[in-house]
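Chemist: Once you've had a glance at the structure underneath, I'll fire off some questions.
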């Protein structure tokens, strides 16, 4: 068990009305919740790190709740999600992988029975490093209109001994989605893919 | 509304640790940012009244968004600031038209006052350019604990024909102020300075 020490939390919400095409009847909202925490494994090689995934669960839930609240509070309005982590330079990429389970668990817990895998990315980076977090439909990964991404970053994080963990949720497709493929209203919703 | 808004972004930062010290209550600040079409991009216009009016609209809209993002009353805001980034086909003077003549009055209206100058910055730049919004105490510019800044950036803005307009508000000063000077308890509040 390792204590979660949070230095900073940043919640970002984008409300997109158009992208030089017709103004959408309902604006698309994309939100990100980022937490900057101490990396308990920074600066040395630690073999047994997996226990930290359980320690991260309460943080994941708190971030997912705050993000949902910032997007209006209705779980039914969330159609896309993603997650990511940036590891400060005294850590290793594997420390970022610790976020997969608690990050995904938290969003499923908050959103009900979301079926699709939570798209994710991670890297090691300096303070201010930007991360393009991939976003896909919460129930069917192949929904083409919902392939999206949100760039996140915190100017003074992660410092060398920190981890930046992030969750992203969106309320719909790209604002002028029109490249075909599986549509959200065609989802069978059995396998998380289609 | 005169403003043609493509996107509105709100960012909330909450600092719970600084310099290894727990910050309780957390230091919190928010920015609300609009990406608008620059009606004068690529042309020289002597009269910038349209942008001045748009500035007044955004002073109200963005102030409300920023205060709402913090979940507080406008009167609880302690410091404020504003900034704009003009896309490549615009002039620095376009940022000045938005920020200086008419934006401040509606901004202060939302906060229920503000005797101090609203500190500001402006620049021209490309997509993803970082804006450092200066922050100062809203009633007395010399309150040293509240000299601060908040960096914001939007990955896909400003396009060449756009302007990014940002307001920032804070419900506290820096997380761990200890360099002396006028304190907020000592504000006289008559001249906007002390």
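Residue numbers (our numbering), protein chains in the order written: chain A, 1 to 194; chain B, 1001 to 1194.
All C-beta atoms in this analysis are idealised placements derived from N, C-alpha and C, irrespective of residue type, glycine included.
Distance, Cα to Cα, residue 1017 of chain B vs residue 1077 of chain B?
Modeler: Rounded to the nearest angstrom, the two C-alpha atoms are 21 angstroms apart.
Chemist: Kindly give me the distance between the Cβ atoms of residue 1091 of chain B and residue 1037 of chain B, rounded to whole angstroms, as I take these residues to be in contact under 8 angstroms.
Modeler: The Cβ separation is near 15 angstroms, so there is no contact.
Chemist: Residues bridged to residue 1017 of chain B by DSSP?
Modeler: Answer is B:1022.
Chemist: Between which residues of its own chain and residue 1113 of chain B is the CB-CB distance below 8 angstroms, once the five residues before and five after are set aside?
Modeler: Correct list, in chain order: 1075, 1138, 1139.
Chemist: Output needed for residue 1158 of chain B: all residues of its chain with C-beta closer than 6 angstroms, excluding positions within five of it in sequence on either side, in chain order.
Modeler: Cβ within range, chain order: 1085, 1087, 1164.
Chemist: Measure from the alpha carbon of residue 171 of chain A to the alpha carbon of each residue in A:4, A:6, A:2, A:17, then state which is nearest.
Modeler: Minimum Cα distance to residue 171 of chain A is reached at A:17.
Chemist: Please list the terminal residues of the continuous alpha helix (DSSP H) segment that includes residue 57 of chain A.
Modeler: 52-70 is the span of the alpha helix (DSSP H), which, as asked, contains residue 57 of chain A.
Chemist: By Cβ distance, which residues of its chain are closer than 7 angstroms to residue 52 of chain A, with the 5 residues on each side in sequence left out?
Modeler: Answer for residue 52 of chain A: 2, 40, 98, listed in chain order.
Chemist: Please identify the residue among B:1153, B:1193, B:1026, B:1045 whose C-alpha is closest to the C-alpha of residue 1167 of chain B.
Modeler: Measuring from the Cα of residue 1167 of chain B, the nearest candidate turns out to be B:1153.
Chemist: Does residue 130 of chain A have its Cβ less than 9 angstroms from a Cβ in chain B?
Modeler: At least one chain B Cβ lies under 9 angstroms of residue 130 of chain A.
Chemist: Between the alpha carbons of residue 1014 of chain B and residue 1129 of chain B, how many angstroms are there, rounded?
Modeler: About 23 angstroms.
Chemist: So the beta strand (DSSP E) residue 101 of chain A belongs to, where does it begin and stop?
Modeler: Element bounds for residue 101 of chain A: not the beta strand (DSSP E) but the alpha helix (DSSP H), 100-111.
Chemist: When you compare the CB positions of residue 79 of chain A and residue 184 of chain A, do they come within less than 9 angstroms of one another, or not?
Modeler: Against a cut-off of 9 angstroms, the Cβ pair of residue 184 of chain A and residue 79 of chain A comes out as a contact.
Chemist: What beta strand (DSSP E) runs, 3 residues minimum, are completely inside the region 1079-1120 of chain B?
Modeler: As far as the region 1079-1120 of chain B is concerned, its whole beta strand (DSSP E) runs of at least 3 residues are 1079-1086.
Chemist: Counting only beta-carbon atoms, is residue 170 of chain A nearer than 9 angstroms to chain B?
Modeler: Closer than 9 angstroms: no.
Chemist: Let's test the definition: count the other Cβ atoms within 10 Å of the Cβ of residue 7 of chain A and tell me whether it reaches 16, buried, or not, exposed.
Modeler: Counting Cβ neighbours within 10 Å, residue 7 of chain A comes out buried, since at least 16 surround it.
Chemist: Cβ closer than 7 angstroms: which chain A residues qualify as neighbours of residue 1007 of chain B?
Modeler: In chain order: 14, 15, 16, 17.
Chemist: Please state whether the Cβ-Cβ distance between residue 106 of chain A and residue 63 of chain A is less than 9 angstroms.
Modeler: Contact: yes.
Chemist: Interface residues of chain B around residue 8 of chain A at Cβ under 8 angstroms?
Modeler: Simply 1013, 1014, 1015, 1016, 1017.
Chemist: What is the rounded straight-line gap between the Cα of residue 175 of chain A and the Cα of residue 27 of chain A?
Modeler: One C-alpha to the other measures close to 8 angstroms.
Chemist: Is the Cβ of residue 1130 of chain B closer than 9 angstroms to any Cβ of chain A?
Modeler: So, interface residue.
Chemist: DSSP three-state label for residue 1060 of chain B, please.
Modeler: Note: residue 1060 of chain B maps to helix in three-state DSSP.
Chemist: Compare the C-beta of residue 206 of chain A against all C-beta atoms of chain B and say whether one is closer than 9 angstroms.
Modeler: Shown here, chain A extends from 1 to 194; a query on residue 206 of chain A therefore has no answer.
Chemist: Specify, as a first and last residue, the run of the alpha helix (DSSP H) that residue 94 of chain A falls within.
Modeler: Where residue 94 of chain A is concerned, the enclosing alpha helix (DSSP H) stretches over 93-97.
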